[in-house]
Each structure stands twice: as structure tokens, then as C-alpha cells.
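Enquirer: Residue numbers (the numbering used here): 27 to 286.
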Amino acid sequence: MTDATPLLTPGAKIRRESLGFAVAEGVSMVTSLGVVAIADQLIPKSIMSGVCKTIGKLVIEPFLLTPLEWVESKFCRLEECQIDKSVPREKRAENMAKTILIFGAAWALSLEAKLRTRRYMNNYLGVSSHEVESILPREGAGMWEKFKHYATFSHWHPEEKMIFAADEGVHIGSMFLMNNQFSKQTDTMIKKTTDIIQKTTGMSEKKAHEISTMAWIWEVPNVLGGLAGLGAIAMKHAHNWPNAGPLKKLFGGYSNQPPT
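1) Let's see if you can read the secondary structure: which residues bound the alpha helix (DSSP H) around D221?
2) Rounded to a whole number of angstroms, what is the C-alpha to C-alpha distance between S75 and D66?
3) Check whether the Cβ atoms of P268 and P163 sit closer than 8 Å, and answer yes or no.
4) Measure from the alpha carbon of E116 to the alpha carbon of each residue in F89, K83, Q108 and G130, then state which is nearest.
5) Less than 8 Å between the C-beta atoms of C102 and N205, yes or no?
6) Among the candidates H263, L273, P272 and G271, whose CA atom is the shortest distance from the CA of A38?
7) Buried or exposed for P70, please, with buried defined as at least 16 other CB atoms from any protein chain shown within 10 angstroms of its CB.
8) Going by the beta-carbon positions, is the gap between E105 and D213 smaller than 8 Å?
9) According to DSSP, is A63 helix, strand or coil?
10) To the nearest angstrom, how far is it from the Cα of S86 to the Cα of F47?
11) Report the start-end ranges of each alpha helix (DSSP H) in the segment 37-100 that is 4 residues or longer and not cut off at the edges.
12) Does L104 come out as helix, strand or coil in the three-state DSSP assignment?
13) Does the segment 192-205 come close enough to the segment 243-256 to have 3 or more Cβ pairs within less than 8 Å?
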């Protein structure tokens, strides 16, 4: 379908790329919630507990616990973000390590799933075929090269940078609001969702709470970010963003590649 791209109208391109973007967002959400839901089942509890205790004791407790808890208390007003000083530092460090491991893995894998799905859908639907070649590391790239790729965005196409900035910018911004100004409402919805999951699946309260927390703290803002991403896609095809105006300086514009 790529050969037909020049014949597509801007409206058709917006519809096609928006469809691919929506599919990628759905895959990303399923991936992140799935990782949280099944992490304990895939990894033996003895191994998970040992790893968390080791990281907590050697890294979190001596170096990171105090600054992480300070950041958590300043930027999150949810009930579960309140520091329980009656719990020993060692145990708090272990819990922090588990949270970072599980939710960090969920975020990393969901982002990878989103990018790969978007690349496939854009190619399949015949839009932005030049863009998707630059959003993933080269074949056979090592761990350090992959880290530099994702950390600096230096190899990303300007279009992808713009869409990612709109998506994740609104995502993180709305997540901050839900954890602060709307923390009471978020706490209420987490509790209600936890009850629903328990009743419908028979899942333990702890696991149901982890899933509902991930859903409300991460995935609801993710949906809002997705809507912003769709807006960026529309402006890309309708008004040649980011190859026009101040966005060209912000995201780099195009080098030798023409806009889609």
C-alpha cells in the first residue's frame, strides 16, 4: 500500500495514521496492564523476593530511599503515596525496589510495543513509511546503544518526536494532576475498581489493587495523551507540522526526507 501514498489526501492520511496510532495505544495499554497482572506468576516469588531484597538493601536503602520518598511525598498525594514511618527502612526499600521493577518493566515494554506496532501499522496502511525506519535501534544493537537511542531521541524522525512529545507530555501532565489536585477522586476510583476486579475475577486484593492503580494512575492519563497524539497527527498532515513555524526549531524539521 506504500506505493499509493502520494495519491492519498491529507484527510485520508490523518484517518489512516490515526487508526494505526489508536491500535498502537491499545497494544501499549494491554502490554502494561498485562505485565503488572502476571509479573508475579511469571517470576517465582522466591526469585522476585530475593532480587527486591538485594536491590533494596544494596542500592535503594543506602542511596535512594530518602530522596525517592521525598519526591513521592511532594508529587503524589494519593493514600498509597503517604510514607508509613512505622515500616522499617529495609522493608520500605524492598517495597520501593519491587514497585520500580514491576512498573518500570511495564512502562518500558509498553513503550516498545507501542513503537513497534506503530511502525507496522504505518507501513501497512501506507503512511509515514520513511519515519518508522528511524524510531527503533538498528538490528543487532547492544544494550548501551539502545539506551542512548531511547534516552536522547537523536535517531528519531522529527514527526515521531512531535507526536511522542504531544502524547507523553499530556500523559505525564494529566498523571501529575490525578496524583495531586484530583488525588481524592483518584483514590476513590482505585478503591472502586479494586472491588470490581476482585468480585469479577476472584483475584487477591493486593493484585487487584496493583492493576487498578496502574489503570487509573497510568492508563487513564495515557488515553488523554493518546488524544493529544491524534491531534499532532492531524496537524502533521493538514499543516505540515513539524516542518513549519517554531516547531521546526524545536523538533528539527526535515533533513533529506520529504514530509508525508
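Even for Gly, the Cβ is constructed at its ideal location relative to N, Cα and C.
Expert: The relevant details are as follows:
1) S209 to T227
2) 10 Å
3) no
4) Checked all of F89, K83, Q108 and G130; the closest Cα to E116 is K83.
5) With respect to the 8 Å criterion, C102 and N205 are classified as neighbours on the basis of their beta carbons.
6) H263
7) exposed
8) Remark: C-beta atoms of E105 and D213 approach each other more closely than 8 Å.
9) helix
10) A small correction: the amino acid at residue 86 is Ile; Ser does not occupy that position in the sequence shown. Approximately 37 Å between the Cα atoms of the pair.
11) 71-81
12) coil
13) yes
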